[in-house]
Structure formats: structure tokens, C-alpha cells
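Structure, as C-alpha cells:
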Amino acid sequence: MKILNQKYFLSTAISFSLSLAGIVTYEFLYQEKIVLFFSVLFTILSFLFASQLSKEVLEKFRKTLKIILFLMTILVLTHFVVNSFDFYGEFSPPELFYTLKFHRLITLSGALLVHITTLIVGLWFIASKYTNKIRLSFSISLIMLLFLSSLVVYHTEQILATDYKTTAQVFLNMNTNFEDRITYRFGGASYFGWIWPYTQFIKRRTSENSSIIIPPQSPTWKMEGNVGFLRWFLYPRKLINISLDSAVTDQADYALIALGECDEGDCGWPKINIPAEKIEYIVLIDRETQEETIITDRAYTLNKDEFKWGIIKLR
Amino acid sequence: MSVLLSLLLFFLIWFNGALLAVLVKTKSFIEVLGLGFILGSFAFTLAILFYHMLSGHPIDDSAVFIVSGGITLLLAPILPRLFALMKKSKSVFTRTLKISLLLKIIIGILFTLVLVSAIQNLFWPITDWDAMALYDFRARVVAETGSFSLGRELGYFYQYPPFTSLLHTSVYVLGFQRAKIWYSFLYGSFLLVFFSLSRKQTSISLSLFATLTLAVNPLISEHAIIAYTNLAYTMFLGLGIIYLWQWFADKNMQTFILGSVLIAASSWVRSSEPFWLVGVVLLIGIVFLSVKHKMLRNFAAAVLGVAFIFWVRAIWPSFTEPFLSATTEHFELTSDVNTGAEMISQAPGLSEYFKIFLSSGSSMLFIHLIEVSTYFTENVAPVFGLYLMPGMVLLFFDIKRKQYRSLLHWTTTIVYIFLIFLGTFLFSFTFDSWNEIGGSANRMSMFLIPLFIFSIFTSKTLREWVEKIK
């Protein structure tokens, strides 16, 4: 009996220490699922031994759970309070905030806290109500019900939080045109959202039956080089992929000037220079101001500072 | 005007589906409500393609109303039966008022989830990569040209059956740009039918919990706001299998007619994966049991069910065949749009695999087994991982209590998991980039979610446990 008690306390202790370790040591046990798995596993073990326990031990267990529940409530509340400040904006917390590692409470998932709190509330409820009739199969049933309910609570919390955030985004974009919302959805014009103003510019500057040479598909030109993706924006224009070292020939009416993502590799396109006699005109577009500049009587040479985004009308 | 016309179309499609549900003697009001969009969208997309094929009429605004209105006219004799069922709606409403507060909260959450998905889908344009590359792009081209004939020039076009594309097209031709709203209709209908199927096997509280578990599942809720085919596929295949399971409980012909129709419909959304075969195996089981129990009508209907699945599967390839054979030029899209399912469709036959196995050493097989297991654990298992433990515990107790129906549910589900593993294992030998499609594998396994949740929440053991706690 004594050994069983020790094992029981040990497993309960491990269960909750792991859950708390997951919260505190953000890098070490960041994976919510690991915490979830261990807490459920050890709680099941706890129940296996709980069937052997005396009333006194269970009384201690209840008291321990009450304290943990109290601490968890404080933790959950702190998490939400801390998250309500805008730390990336003007508000700057004192150095002590970082020294005591309070900032980890911001990045922590609220869902995880809710999950653990549900688990503790459930355990407390079970320990209070069924002190005298804990049997192996009964404890398993309680654990399973507890697990399923906490899973539903956990997922509901996640989806409602996402819904809240996305509905807020709806209100933020109320005054934007339906199609222009593509820019926002792709992360804004400084990110993938650039594809919308860029393709609108191409559409304005080319006729529907024209053919356009585009860069090869690679991480540098994820969107501009992907025929399958880009055609959604530019159809019925015909898009022709050519390789990096191919010269832009007269097989098409236009060629894109596409800087691409310089973090991903050797950006800037077309790579092969085009002589002035093969060019009717070049139209450049500034990514920030979306101002357009028309250049005539000029050859195209690969110059990432001058030719970033635009289109070349070929002769 | 385009909004009004689209509303009329939505109503007609739902109405047709509800009439079809009543035609196969569906008695539950909630089930008919949900089946409206499910059967209606399937019948509409199938019929509009046939109308286009046979008459040569372009797929345009008039075709949309000729087809949907035509189906309504054909089903008009069933109208009195639908109206009789509609009268039940009042009693459903009064019964809902009597349930406990917790259950009312769950209904409130479910309603909110569908409503938020509808707001999102109406507000945001399509920005989902695969939809832009194929499903929505194809819909826009068809809306503009009235046919699928340009597909051969455009390359990546015919690889998937046209279900979601035709739904998009149907509103584009009416001038309504917010085609994503279809996914909210499908999401809401999925939940309604899932609830009513669970309700047939368990208590109202457990069926509502099951529906909530399904609705808040991260993958399902994510797909309620993106224009992919996976939600529709999961809905058709998942519900189809559950309907077939239901037959083993009630031996009612209506359940497996719906089961076979929905499994056939899953092939109308995505046809590359072999998961429909398990449905056929269940139907063959029904054929044998019908013979054993001398249920001749059931026997005939089950045979027809199998034939219907094969027929639906054959429609899209036979429709696209003339377009594909007319060209010798083949477009190679070396892009992200080449997905797992496309790889499946290009897969070699079984005899090829045997040759590969015989030529590989045992150490090679072992290496692949380890690699595939790791990949499977990382990409496929998370889809159902959280439901696995309660599922297996409940199966153990169900068998202990001689509740063998659980065994059918879990055998089907485990066969599916095994199929996914085996499929991945085979591909690992033939495609170098087999492990670069984690997202695809994850989405492909999504249909397991309703099967897991249904099996867990309709377990007799779980119901007893809940009653004991009360």
C-alpha cells in the first residue's frame, strides 16, 4: 500500500510538473501535443493507483488539486491580461519583465492553458464526487470522458479565437473593394499580396490575346514563375516559362521584369540582356508607390536597382 | 440582380436535394434539411454536365436555370411528401426549446461557426493556391467560354472531376463573384446530416457533442473557408460510409441507397484516391447479407448501388477523353500544382510494383518502411491521432460488452489507415518527391475524421459511461 501511494503521488507529480514545464520551458516542451499526451498518460496512471487509496490520501489529492487550480486560474488570467497589451507597438515593458521571462506568457497558446485548466477541474470534480467508488474500468471511463470533453473545449477555444481574429479582419477591410482584398489575404503589398497590384498592372498594359514570357518557376519566383498560379490573374493571356539562361526571343509579345524574392536566391529577371532594337518600350512600376514609368529607346540590361518590376514590349 | 438570381439558384438546388432525400424516404426533418445541398449540388453538377454534353448548349446562365428548374419539374410529384415533412419543423423547434442549457449552448456555437464561415466566404475572394491553379481557374474559364474544350490548350485542367468547379461556374455565370459561399453551405449541411445520423444511434447530447467535435476539428473548420475539394470529398465519402454502417443497424434500404449515392458523389469530387473501394466492399457485404436474409429488394438495390458508383466514376474520364486524344502536345507543368493525387493518377500498375519489390533488396524495403512510417506519423497520423486513444479504449470495452457493431466501424477505419500507409509505401518506390507532399497527404486523410468521431460517439460503452456519470 505504501509503495502504491508513493507511485501514485509520483505519477501525479510528474503529470503536473510536465504540464507546467511545458508552459515555463517554452523551447524545451513547446509542443502542446507532447504536454497533452503526457498529462493524459500520467493522469491515467494516477487513476490506476487511485483505486487503492485511502480516504486520507484522496483528501490530500483534492487539496493539492485545489491549489493547482488556483495557480492555473492566476496563470490563465495573467496570460490574457499580458496579451491585451500591444508589446510590439508603443508600449515598452520594463527590463524586469524580460528578466523574469514574463514575455513567454505572450507567445504561449491560450488553448493550452484552457486545456490544462479543464483537466484539473475534471480531476477535482472526480476526486470530490467519486471518492468511494473508484474502480479500474470506472476510472478509465472518467478519464476518457474527461479527455474527450477537454479535446472539444480545446478545439472550440482555438476555432473561436481564430473566428474572432478573422472577423476583426473583415471589419478592418470593410472599405476595400472585393477583389483588392486579395492583397490583404496574401499578406499585404510588401509580401505575396504584391501579386494583385502587379498583375493588375500587367493586365492594363497588355492586350488579352498577347503572349508573355515569364521567369522560370523556382523559389525566387514562386508566383511570377508559376504558370498554373499566374494564369488565374492573367487569363486569357498566354504565359510562357523560359529557363534562366534562355534569351528572350521574339516568340512572345511581352516579357516580364520581375525582381522576385532576393532572399531566396539570385533574383532579377530577365537574366539575358535584350538589345534596344528588339524592344518597343519598357514600362516599370514602383512597388511602393505603384507609379508607372515608360522608357523608350533603351536596351534592357540586368540591373536590380533600375529594373525591378515591369513589362517589356517586344518588337 | 446577380445576388437575387444566385439566391434563387441556391434555393432551387437545395429544394431539389430535399426532394431527392424525400424520394428515398428520408423521414427526419433535420436530415432532409442537410441532404438538400448535399444531394442537390451533386445532382445539379451531374445534370448540367450531361445537359451540356447532350445538347451542346453552353454552360451559361440559361443552362443553370434550365437544369435546376428541370430537376424541380421532374421531382414535382414528390412535393406533397416534402410539405408534409416540413410540417414537422415546428415540432423539431419546440423539442429544441426543451433541451438543457448546455445543449442549447452547443447549438449556439454550431450556428455561430457556420455563420462566421459564411461571413468569411462572402467577404474574402478566393486566395487558396490549389483553387487558383485549378478548381476556380477552371470555373472561370468555363463561365467565360461555356465549355471545357479549352482544357487541352491550358494543360492542367482535366485532372480532377468537375464538382467544385461547376458549383463556382454556376454563380459566376450569374455575375455573382462570391463562389466560396458554397463551402459554407456544404459545411452546414455536413454538420446537419452528421448530427441526424449520430442521433439515430445515440442520445441527443452525445450526437450534439459529436457534431461539435466534428465542427471544431481544426482541419474541417479550416476547409470550411477555403475553396478546396477536400471538404466536399470528406463530406460525401464520410457520410456515405456512415450511411452504409447504418444499414447494418437498421437494414433499411433508404440508408444504403444514400450510402451508395454519396460514395459515388465522392468520386465526382476527387477520383484518384482508391478510398471509394472500401464503400464498394461494404456494399458487396450488404449484397451477401441481403441474400442470406432473403431481402431481394435490398439485394437488387445494392447491386444497382455498386453499378451506380462505377458509372459515376466513368463519366468524367469519358467526357474528357475526346479533348485529351485530340491533342498530341502535352503541357508539362513543373509546378506546385502537381499534387499527390495527380501522382496517384500517374502511378504504375500493381505488377510494376512487384517487379520493383523483387529488384530491391530487403534492406531497401526496410529503409523505405522506416522512412514511410516517420512520414506517416508526421503527416497523416496527426489528422486522427487525438481520437485514436479514446477510440481504441471504447472498442475494447464494446467488444467486452459484445457490442460488435463497433467492430465494423473500427475495421473499416483501420482498413482506411492501412490503405493510406500502403499507398504511401508504394509511392515511395516510384516517386522521388513522394515525401514532399505532406500537406496533400494530410488533406487526403481528412475523411477519416468523421469516421473516427462517429465511431467514438455512437459507442454503446460511451453512452453507458455518460449515463453512469449523470
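Sequence lines, in order, name chains V and E. Heads up: the first sequence is residues 97 to 411, going by my numbering. Heads up: the second sequence is residues 1300 to 1769, going by my numbering. Where a beta carbon is used, it is the ideal one built from N, C-alpha and C, also for glycine. Just so it is clear, the structure is predicted and the values come from calculations on it, not from any experiment.
* Residue from E:Leu1319, E:Leu1353, E:Ser1662, E:Trp1733 with nearest C-alpha to E:Tyr1674 -> A check of alpha carbon separations from E:Tyr1674 across E:Leu1319, E:Leu1353, E:Ser1662, E:Trp1733 identifies E:Trp1733 as the nearest.
* Which of the three DSSP states, helix, strand or coil, is assigned to E:Ser1387? -> For the sequence presented, residue 1387 of chain E should be read as Lys rather than Ser. E:Lys1387: coil per DSSP, three-state reduction.
* **Host alpha helix (DSSP H) of E:Val1273 (start-end)** => Because chain E here runs from 1300 to 1769, residue 1273 of chain E falls outside it and cannot be looked at.
* Does V:Tyr331 get closer than 8 Å to chain E when you measure Cβ to Cβ? -> yes
* **Interface positions of the region 248 to 276 of chain V facing chain E (Cβ-Cβ less than 7 Å), listed along the chain** => Val248, His251, Thr252, Gln254, Ile255, Asp259, Thr262, Thr263, Val266, Phe274, Glu275
* Asked: Any beta-carbon of chain E closer than 8 Å to the one on V:Trp290?
  -> No, no contact with chain E.
* **Beta-bridge partners of V:Glu388, as assigned by DSSP** => V:Ile381
* **Euclidean distance between Cα positions of E:Ile1752 and V:Trp328** => 37 Å
* Asked: Expressed to the nearest angstrom, what Euclidean distance is found between the alpha-carbon atoms of E:Tyr1532 and E:Val1472?
  -> 24 Å
* To do: Quick one: measure Cβ to Cβ for E:Ile1608 and E:Ser1662, integer angstroms, because I've assumed they're closer than 8 Å.
  => Actually they do not touch by this definition, with Cβ atoms about 41 Å apart.
* To do: Spell out whether any CB of chain E is found under 8 Å from the CB atom of V:Ile163.
  => Cβ-Cβ to chain E under 8 Å: no for V:Ile163.
* Could you pull the start and end residues of the beta strand (DSSP E) that V:Ala351 belongs to? => 350 to 354
* Coarse secondary structure for V:Lys162, derived from DSSP in three states -> helix
* Hey, how far is the Cα of V:Val344 from the Cα of V:Lys374? -> 10 Å
* Asked: Listing by chain order, which chain E residues have their CB less than 9 Å from the CB of V:Trp317?
  -> Residues of chain E passing the Cβ test: none, with the nearest at roughly 11 Å.
* Interface residues of the region 1505 to 1525 of chain E facing chain V [CB-CB below 9 Å] -> Phe1508, Leu1511, Thr1512, Ala1514, Val1515, Asn1516, Pro1517, Ser1520, Glu1521, Ile1524
* To do: Take E:Asp1697 and list the residues in its own chain whose beta-carbon comes closer than 7 Å to its own, dropping the five residues that flank it on each side.
  => Once the five neighbours on either side are set aside, the close Cβ partners of E:Asp1697 are Ser1705, Ser1758, Lys1759, Thr1760.
* Asked: Taking the beta strand (DSSP E) that V:Asn337 falls in, what are its first and last residues?
  -> 334 to 337
* In angstroms, rounded to a whole number, what distance separates the CA positions of E:Ile1312 and E:Gly1339? -> 5 Å
* Classify V:Glu360 as buried or exposed, calling it buried when 16 or more other Cβ atoms lie within 10 Å of its own Cβ. => Result: exposed.
* Tell me where the beta strand (DSSP E) around V:Lys409 begins and ends. => For V:Lys409, the enclosing beta strand (DSSP E) covers residues 405 to 410.
* Under 7 Å from the C-beta of E:Met1431: neighbouring residues of chain V -> Phe325, Trp328
* How many Å lie between E:Tyr1542 and E:Gln1553 at the Cα? -> 9 Å
* Asked: At which residue ranges does the region 1520 to 1564 of chain E contain complete beta strand (DSSP E) runs of 3 or more residues, listed in the order of the chain?
  -> none
* Please list the partners that V:Ile278 has in chain E, where partner means a Cβ-to-Cβ separation under 7 Å. => From the beta-carbon of V:Ile278, the residues of chain E found nearer than 7 Å are Pro1424, Thr1426.
* **Per DSSP, the bridge partner or partners of V:Ser307** => Per DSSP, V:Lys334.
* To do: Using a Cβ-Cβ cut-off of 8 Å, state whether E:Leu1412 counts as contacting chain V.
  => yes
* To do: Please check if any C-beta of chain V sits within less than 8 Å of the C-beta of E:Val1765.
  => Closer than 8 Å to some Cβ of chain V, the Cβ of E:Val1765 qualifies, so yes.
* Per-residue burial, V:Ala354 [other beta carbons within 10 Å of its own, 16 or more giving buried] -> buried
* Taking all protein chains shown into account, decide if V:Tyr250 is buried (16 or more other Cβ within 10 angstroms of its Cβ) or exposed. => buried
* Under the three-state reduction of DSSP, which class applies to V:Ile375: helix, strand or coil? -> strand
* To do: Give the residues of chain V in contact with E:Phe1456, contact being defined as C-beta atoms less than 9 Å apart.
  => By Cβ distance, chain V contributes nothing, its closest Cβ being about 10 Å from E:Phe1456, past 9 Å.
* **First through last residue of the alpha helix (DSSP H) which encompasses E:Met1691** => Unbroken alpha helix (DSSP H) run through E:Met1691: 1680 to 1699.
* Asked: Within the 8 Å Cβ cut-off, does V:Leu244 reach chain E?
  -> yes
* 8 Å Cβ cutoff, E:Arg1439 in contact with chain A -> Protein chains in the displayed structure are V and E, and chain A is not among them.
* Using a Cβ-Cβ cut-off of 8 Å, state whether V:Met168 counts as contacting chain E. => Output row for V:Met168: interface = no.
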